[in-house]
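Undergrad: The structure is given below, and queries will be raised subsequently.
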Amino acid sequence: MIELREATIKDRKKTYKWLYYSDFSDYLNELGGITKETIPSYEYYKKDEYMDFYFDGSQPEKGRAYIIVCRTNGKIEDIGIISYTSFHLLDKITEFDIWLKGLNYTGHGYGTEALLRLAGIVRDSGYDKVIIRPSKHNKRAINAYQKAGFVEENFEPENYIKTEYIPKFSDGDYGPDGDVFLVLTL
Ligand SMILES: CC(C)(COP(=O)(O)OP(=O)(O)OC[C@H]1O[C@@H](n2cnc3c(N)ncnc32)[C@H](O)[C@@H]1OP(=O)(O)O)[C@@H](O)C(=O)NCCC(=O)NCCS
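With my numbering, the residue at position 14 of the sequence shown is 14, and numbering never jumps.
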């Protein structure tokens, strides 16, 4: 039903809108402590969150983004984004991030299928483990990740994150104890 295609620079703006201005954004922003006033600008998104390499494939060792494409009844539609990020993690470990373009698209199994597809891609590139850190309140996301084979584990930053990045990344997007740490062993 879905497939992944490598995202391009032209895709970046819509992925920003899906994340911060779709009908699930208020919920997701609130979980991340983001208010209407503090929604990151598109300039910030390009410079500090989803840099060029995600969209131009120039540094696959750091990360890459893919567009989730849905084909139903001859109709082809871009319905979300999924990415892996590795620059901050120890060897053979990568981290996934995923969001669809709106609430209508959730709950149909698309997210789980996209996770399985990307897991296959990173496994073929030599990775051993994938981590993901949803908010502990985001039950839909946690369900999807568990369906894809992710298992909850205790988070020991030094087992996953490069020493120099521990101060910046050990808390995750939802603050201390705000997330669930899930691991997929490939
Ligand atoms: C997280 C996300 C990518 C998952 O993709 P998805 O296509 O919705 O996931 P699936 O349909 O494969 O699985 C979702 C599961 O949660 C269940 N679910 C749906 N709504 C739910 C809710 N409000 N509470 C709990 N479970 C819920 C679904 O029934 C399904 O489980 P089931 O197949 O056993 O019934 C997608 O929901 C999304 O984009 N959400 C908004 C953005 C987001 O939260 N991103 C993750 C940030 S970490």
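Each residue gets a CB set at the ideal place from its N, CA and C atoms; glycine is no exception.
Report the residue from 37, 67, 88, 65 whose alpha carbon sits nearest the alpha carbon of residue 165.
TA: Position 165 of the sequence shown holds residue 165. Of the listed residues, the one whose Cα sits closest to residue 165 is 88.
Undergrad: Reducing DSSP to helix, strand and coil, say where residue 97 ends up.
TA: Taking the first residue of the sequence shown as 1, we reach residue 97 at position 97. In this structure, residue 97 counts as strand in the three-state DSSP scheme.
Undergrad: Any heavy atom of ligand 1 closer than 8 Å to the Cβ of residue 15?
TA: If you number the sequence shown from 1, residue 15 lands on position 15. No; taking the cut-off as 8 Å, the Cβ of residue 15 has no heavy atom of ligand 1 nearer than that.
Undergrad: Which full runs of the beta strand (DSSP E) of 3+ residues lie inside the segment 52-126, going along the chain?
TA: 63-72, 75-85, 93-100
Undergrad: Inspect the beta-carbon positions of residue 177 and residue 129 and report whether they are closer than 9 Å.
TA: Your numbering for residue 177 matches position 177 in the sequence shown. Your numbering for residue 129 matches position 129 in the sequence shown. No, Cβ-Cβ distance for residue 177 and residue 129 is not below 9 Å.
Undergrad: Looking at the structure shown, is residue 142 part of a helix, part of a strand, or coil, going by DSSP?
TA: As a position in the sequence shown, residue 142 is number 142, starting the count at 1. DSSP places residue 142 in helix when its eight states are reduced to three.
Undergrad: Just how far apart, CA to CA, sit residue 116 and residue 148?
TA: As a working mapping, residue 116 is identified with position 116 in the sequence shown. As a working mapping, residue 148 is identified with position 148 in the sequence shown. In a straight line, the C-alpha of residue 116 is about 6 Å away from that of residue 148.
Undergrad: Could you tell me which residues DSSP pairs with residue 135 in its beta bridges?
TA: In the sequence shown, the residue the question calls residue 135 occupies position 135. BP columns for residue 135 point to 179.
Undergrad: Note down the Cα distance separating residue 4 from residue 33, rounded to an integer number of angstroms.
TA: Here residue 4 is taken as the residue at index 4 of the sequence shown, counted from 1. Here residue 33 is taken as the residue at index 33 of the sequence shown, counted from 1. Each residue's Cα considered, the two are about 30 Å apart.
Undergrad: Identify whether residue 49 lies in helix, strand or coil by the three-state DSSP scheme.
TA: Here residue 49 corresponds to residue number 49 of the sequence shown, with the count starting at 1. DSSP, reduced to helix, strand and coil, places residue 49 within a helical segment of the structure shown.
Undergrad: By the DSSP assignment, the beta strand (DSSP E) with residue 39 in it spans what residues?
TA: Residue 39 sits at position 39 when you count from the first residue of the sequence shown. Element bounds for residue 39: n/a, residue is neither H nor E.
Undergrad: For residue 162, name the three-state secondary structure that DSSP assigns.
TA: Position 162 of the sequence shown, counted from the start, is the residue given in the question as residue 162. In the structure shown, residue 162 sits in coil (DSSP, three-state: anything other than H, G, I, E or B).
Undergrad: Figure out for me which residue from 111, 21, 132, 180 has the closest Cα to the Cα of residue 1.
TA: Within the sequence shown, the letter at position 1 stands for residue 1. Checked all of 111, 21, 132, 180; the closest Cα to residue 1 is 111.
Undergrad: Comparing the CB of residue 28 with every heavy atom of ligand 1, is any distance shorter than 8 Å?
TA: Here the question's residue 28 lines up with position 28 in the sequence shown. When distances are taken from the beta-carbon of residue 28 to the heavy atoms of ligand 1, the shortest one is below 8 Å.
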